[in-house]
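Structure first, then comments.
Residue numbers (the numbering used here), protein chains in the order written: chain W, 1358 to 1729; chain E, 52 to 693.
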């Protein structure tokens, strides 16, 4: 009891409002970098900044609300989230609204809604809930069930089609299984299975435009004015930034509109062009700082569910970063993934910060159980 | 019994496992960060220069700026070719909703004919939609004002101004100046072969004929560059750098425009040409080929209707002065006489008895003099003065074709004069070899005899004849005729050096005087050009010529009335003045006009009168040369005219 009391006494105001100040500082610095870059990339449009600020404020609000809910509640709600999410994904395929050739939206009259966003959190929660019902490390059978839980929403989202999101959601679930202690033998098996699955996916699941993206990625110079244009221009922007960068508002590739979507998906190219290699090192340091903080929260979490959930949310966050940077710099194919908290807009911002809200909830949870 | 392992969770083991997995996860994160940084290092550090170049290539465009073409002046500073702004109506197809409707509306406002429209659609096919296409090539200033007032009604249609060549003297100087016109595919190919393509990147016109073509390199200048920053649409954002073009060289011609206009007036459309050269420096004072045409038509693209008009039998496009190859006829008699004297076939004292006919032993054919009853006793001086054919038949026979060719080649017959025009023919100075090569015919003795009066295969251009007379006047100094006088620099003419060939060396310098005196006699004693120059205020010398274009039968008499116009004789004259210190040498060829003395010499007289207007010369009495008695030279009126 003494220990608990001491712990309670040492709780600061921020902890009492369930705010992890270290994580918050990391996120705010990142958002600031994002605003500065958007200002430059968006043609110095102050309206753009105002809209982004509004969105950030809303997302931060959601984060604080989410942070107030104790992790135990999430554990109990996981199954409901997951089931509702799956139901909505099916609904999207049946009654969803199309936009740009993909059926991703549910129109609820007042606002449009992307069920795949729910799944970004529901899948790691479900996996964490399921796998921690048993002793860890999990049995092969449990892992297989876990994979099935991941596969259903992944395939549903891939059908929309939204390959980027479906792969990211698959990642978030698989990360949970990995952190839970999935055996290395099984991991090797999955790796082999994925490589075997690739040609099947290519033939049956991928749309022509997706195939084209991959082909273009493999050889962008084959079509420098068509599909390869984005990648080439993006690489020119990054490469011409050099070590020091051209300076804020001085990036010729972005200012003269050679760069596609400079303030959304390709904002990393703008950042690299204007702030150079050392700027990129700085930006990656901020991301690394957030990831390390997230993993620390996971390690310190009091129960397995919280550990696995915090860990997979953090790792998925980094996958976003990696996929975006990889796509913009030409080592991954073009998938529409924004650079988290830096890119302008995106519905994913709210989901992303809700995830960090869960991390904060875990981080600031009252230590009810003493550790032996 | 329920399994106990479900109930009892090993928290410590779980925490350790999780910590290990978290550590591995972080490790993977750092490996991925390493991958991103490695790739970024490769792009931004290793290949920085490459990408910097490509980024600059994206945004920096170098736009060429055309230099202004050099102006052309005559020797007295009169402007002969200038650059004037011309206005064309341009259409940017991308900016226009209904092209046909717009053109229709414009047609009611401006003078747009069917050819303009069809040309426009032709150009449209090969042009990108955001690039302007010309609809009307030349707007009048009235049309410019008319359109400008209503421009707001026609988005995508605009007026573009550029400098274009204008020749204020029009057809009077065409065969000298030539003209410029739009660069075509063939020109482009030639430019790229010569490595000049970049210098013409912004240039619209190029010299196509005449001085404009010959001195193209001088007149064109050097292209300038504007370095601009563009966005992805190609729109210019700002100008980064500007290297102004170096304008073309202003040049001055030897042409005396006053004299040139006199030539145009004298010909009055009749077919022929005149060349006037200053024997002191080889400068071409006048060069006129008739009929001529307006070079300004070509500058803006000649219409097919107008072009067809130029393809008549009179061939106005043809430069008769440099490309017309005529039998030189009697005009070369002084030169042949010089050869005869040099080769010692004749002397000043040698005489023949001309009774109107010339016959060789064992040859049936009879050669006749133009004067059916002959000239009586004739020496070389009289032979030139009265243009006695028999004397020259005999002399040619004695000289032989080989010696004639050799001597005449020295005067430049059969080769290009080197005048600064690409439109030049080289004529034919016959020899056994050349006739065999050109006509696959052996040389007959009769050919030699006809050569004696400048007929047979012999052809020469007026510029060649003028050059030969210049050489004669200069006693063997061979100056290459040049139209260009020099460059205009800081309002002063920098005269270019005289171009010369190896001079003619002769054995007896006195022979020059014998021949020149005979040409003096042609004009001033009882010679064939006396009538034409009667009363001139200067002393000139010359030689008439009447070139037969058809062979008159053995027993027929030449009758101009009976011959069709195109087969009538060419009237020719070569002359120079003043006799003692020549300032001008003139050649006149008048096609199908008849007798040289009667038709061509008066034009030479007009030219010289014009040239010497205002100049005064000491009073002159006829020189009796070498004791020749005037009584011997009794001539009929008919002979004087020849």
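Beta carbons are placed, not taken as given, at the ideal position from N, Cα and C, and that holds for glycine.
CB contact below 8 Å: residue i versus chain W
| i | result |
| --- | --- |
| residue 246/E | no |
| residue 120/E | no |
| residue 255/E | no |
| residue 80/E | yes |
| residue 278/E | no |
| residue 114/E | no |
| residue 232/E | no |
| residue 180/E | no |
Residue i: first and last residue of the uninterrupted beta strand (DSSP E) it sits in
| i | result |
| --- | --- |
| residue 716/E | As shown, chain E starts at 52 and ends at 693. That puts residue 716/E outside it, with no answer to give. |
| residue 625/E | 621 to 628 |
| residue 1722/W | Per DSSP, residue 1722/W belongs to no beta strand (DSSP E) and is neither H nor E. |
| residue 537/E | 535 to 540 |
| residue 1570/W | Here residue 1570/W belongs to no beta strand (DSSP E); instead the alpha helix (DSSP H) covers 1565 to 1575. |
| residue 190/E | 184 to 190 |
| residue 276/E | 275 to 281 |
Within chain E, the residues that residue i reaches when beta carbons sit closer than 7 Å
| i | result |
| --- | --- |
| residue 1645/W | 84 |
| residue 1598/W | 95 |
| residue 1682/W | 87 |
| residue 1664/W | 69 |
Exposure label - residue i; buried when at least 16 CB within 10 Å
| i | result |
| --- | --- |
| residue 491/E | exposed |
| residue 404/E | exposed |
| residue 334/E | buried |
| residue 159/E | exposed |
| residue 177/E | exposed |
| residue 285/E | exposed |
| residue 434/E | buried |
| residue 1630/W | buried |
| residue 1403/W | exposed |
| residue 513/E | buried |
| residue 697/E | Nothing about residue 697/E can be read from this structure; chain E reaches only from 52 to 693. |
| residue 1558/W | exposed |
| residue 530/E | buried |
| residue 1604/W | exposed |
| residue 1439/W | buried |
| residue 1449/W | buried |
Contact with chain E by residue i, beta-carbon distance below 8 Å
| i | result |
| --- | --- |
| residue 1615/W | yes |
| residue 1493/W | yes |
| residue 1501/W | no |
| residue 1573/W | no |
| residue 1610/W | yes |
| residue 1551/W | no |
| residue 1414/W | no |
Under 7 Å from the C-beta of residue i: neighbouring residues of chain W
| i | result |
| --- | --- |
| residue 73/E | 1536, 1652, 1655, 1656, 1668 |
| residue 70/E | 1656 |
| residue 288/E | 1613 |
N-terminal and C-terminal residue of the alpha helix (DSSP H) that residue i is part of
| i | result |
| --- | --- |
| residue 217/E | Run containing residue 217/E: none in the alpha helix (DSSP H); it sits in the beta strand (DSSP E), 208 to 217. |
| residue 294/E | No alpha helix (DSSP H) contains residue 294/E, which is instead part of the beta strand (DSSP E) from 287 to 294. |
| residue 1386/W | 1378 to 1398 |
| residue 1534/W | 1520 to 1537 |
Interface residues of chain E facing residue i [CB-CB closer than 9 Å]
| i | result |
| --- | --- |
| residue 1649/W | 77, 80 |
| residue 1661/W | 60, 62, 65, 66, 69 |
| residue 1638/W | 88, 91 |
| residue 1629/W | 91, 94, 95 |
Listed by chain order, chain W residues near residue i by CB distance under 8 Å
| i | result |
| --- | --- |
| residue 197/E | Result: empty, since nearest Cβ-Cβ is about 39 Å, beyond 8 Å. |
Neighbour list for residue i in chain E, Cβ cutoff strictly below 8 Å
| i | result |
| --- | --- |
| residue 1593/W | 102, 105, 106, 109 |
beta-carbon residue i near the ligand FAD non-hydrogen atom, thresh 7 Å
| i | result |
| --- | --- |
| residue 158/E | Among the ligands in the structure shown, none appear at all, so the ligand FAD cannot be discussed. |
Listed by chain order, chain W residues near residue i by CB distance under 9 Å
| i | result |
| --- | --- |
| residue 366/E | Those do not exist, as residue 366/E stays about 52 Å from chain W at its closest Cβ, beyond 9 Å. |
Please go through the stretch 131 to 176 of chain E and give each complete beta strand (DSSP E) segment of 3 or more residues, from N-terminal end onward.
none
Just list the alpha helix (DSSP H) runs in the stretch 373 to 445 of chain E, keeping only unbroken ones of 4 residues or longer that don't cross its boundaries, in chain order.
384 to 393, 431 to 436
List in chain order: all unbroken beta strand (DSSP E) runs of 3+ residues lying wholly within the stretch 74 to 142 of chain E.
111 to 116, 130 to 142
Ignoring anything shorter than 4 residues, give me the alpha helix (DSSP H) runs that lie fully in the stretch 1451 to 1510 of chain W, in order along the chain.
1472 to 1488
Can you give, in chain order, each stretch of the alpha helix (DSSP H) that sits fully within the stretch 448 to 532 of chain E and has at least 4 residues?
452 to 461, 483 to 490, 496 to 502, 513 to 524
Can you list the alpha helix (DSSP H) stretches of 4 or more residues lying completely in the stretch 1680 to 1724 of chain W, in chain order?
1705 to 1720
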